[in-house]
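S.K.: Take the sequence shown: its position 51, counted from the start at 1, is 53 in the working numbering, and no numbers get skipped.
Positions of the beta carbon are idealized from the N, C-alpha and C atoms, including for glycine.
What follows is a single structure, and I will ask about it in a moment.
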Amino acid sequence: MVRVVRSLGLVAALAVCGAALQASDVPSHHPVMDSETTQQLTVAASSLVQQRSAALVQKERHDRSSPREVLGVRFSPKLVQAQDRAVHELENRNRAPVEGGPALLGAHTRLESGRAVRKGDRITLEAIERTEVEYENGRLSQSVRRRFEFTTRDEQITLVGERVVDPSAHPLNDADPGSDVPSH
């Protein structure tokens with residue numbers, strides 16, 4: 003009888019240890035955000051890349067100041083400042099897919115919802131940016147992976163930075179290809 007009790011005790015102890023190990027395999031400190039929040043973050047991030055793409059096309063100048071908030075997601079002051087500089091530079095750049103080429107007639111950019119992961123007070127959104135530009139003799143399409151960094155404080159989410167994931171990519175709508183938007 004003593005052997006049976008010991009065996010049951012050992013089995014119970016092993017079961018508890020096994021459950022603890024399985025629970026530790028799940029990175030609970032890096033949960034994937036729900037689809038609604040991911041979509042909210044994607045829409046906010048999209049507004050930045052769409053604004054820069056619009057700046058590539060020669061049009062009447064009107065107020066193109068960067069938004070301070072989209073769908074409840076705030077933009078950090080440094081990010082807004084960097085975005086305004088980028089838009090200004092893109093508006094004054096040679097608007098051609100190749101140096102000396104024909105001017106761009108249209109530019110359309112969209113972000114495909116990616117995956118948003120939370121780690122402490124930071125959220126990282128990875129998404130695919132798809133840009134298509136039109137010029138006199140045709141179209142040019144480009145896909146670029148971007149990473150957007152957000153911080154959280156209480157219920158407030160703030161977009162603080164972005165960068166291109168692939169270091170060899172040179173997005174058409176980046177004012178200074180290869181540079182990251184400051185994240186603080």
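Who are the Cβ neighbours of L106 in its own chain at under 6 angstroms, not counting the five residues just before and after it?
M.R.: Excluding positions up to five away in sequence, the list reads L58, V59, R97, V135 and Y137.
S.K.: If you draw a straight line from the C-alpha of G103 to the C-alpha of F152, how long is it?
M.R.: Between G103 and F152, the C-alpha separation is close to 37 angstroms.
S.K.: Suppose the cutoff is 8 angstroms on Cβ atoms and the five residues either side in sequence are ignored; what does the same chain contact list for R141 look like?
M.R.: Contacts found: E134 and V135.
S.K.: Where does R76 land, buried or exposed, given buried means 16+ other C-beta within 10 angstroms?
M.R.: With 16 or more Cβ atoms within 10 Å of its Cβ, R76 is classed as buried.
S.K.: In chain order, what residues of the same chain lie with their CB nearer than 6 angstroms to the CB of S143, ignoring the 5 residues before and after it?
M.R.: Hits under 6 angstroms: E134.
S.K.: Using DSSP's beta-bridge definition, name the partner residues of T153.
M.R.: In DSSP, T153 forms a bridge with R124 and T160.
S.K.: State the Cα-Cα distance for the pair R165 and N139, rounded to the nearest angstrom.
M.R.: If you take the alpha carbons of R165 and N139, they lie about 31 angstroms apart.
S.K.: Using CA atoms only, rank isn't needed, just tell me which of I125, R95, V89 and K121 is closest to I159.
M.R.: Checking every option, the nearest Cα to that of I159 belongs to I125.
S.K.: Is it the case that the region 111-124 contacts the region 48-55, given that we only count it when at least three CB pairs across the two stretches are under 8 angstroms?
M.R.: Touching, yes.
S.K.: So, is V167 buried or exposed, given that buried needs 16 or more other C-beta atoms within 10 angstroms?
M.R.: It counts as exposed.
S.K.: Which residues does DSSP list as the beta-bridge partners of G108?
M.R.: E136.
S.K.: Could you check if R148 is buried or exposed, using at least 16 other CB atoms within 10 Å of its CB as the buried criterion?
M.R.: R148 is buried by the Cβ-count criterion.
S.K.: Return the CA-CA distance between P173 and E157, expressed in angstroms with no decimal places.
M.R.: Distance between the alpha carbons of P173 and E157: 33 angstroms.
S.K.: What is the DSSP secondary structure of V166, counted as helix, strand or coil?
M.R.: Three-state result, V166: strand.
S.K.: In whole angstroms, what is the alpha-carbon distance linking S67 and P33?
M.R.: C-alpha separation (whole angstroms): 34 angstroms.
S.K.: Consult DSSP for R87 and reduce its assignment to one of helix, strand or coil.
M.R.: R87: helix per DSSP, three-state reduction.
S.K.: Would you tell me roughly how many angstroms separate the C-alpha atoms of R95 and A129, rounded to the nearest one?
M.R.: C-alpha separation (whole angstroms): 26 angstroms.
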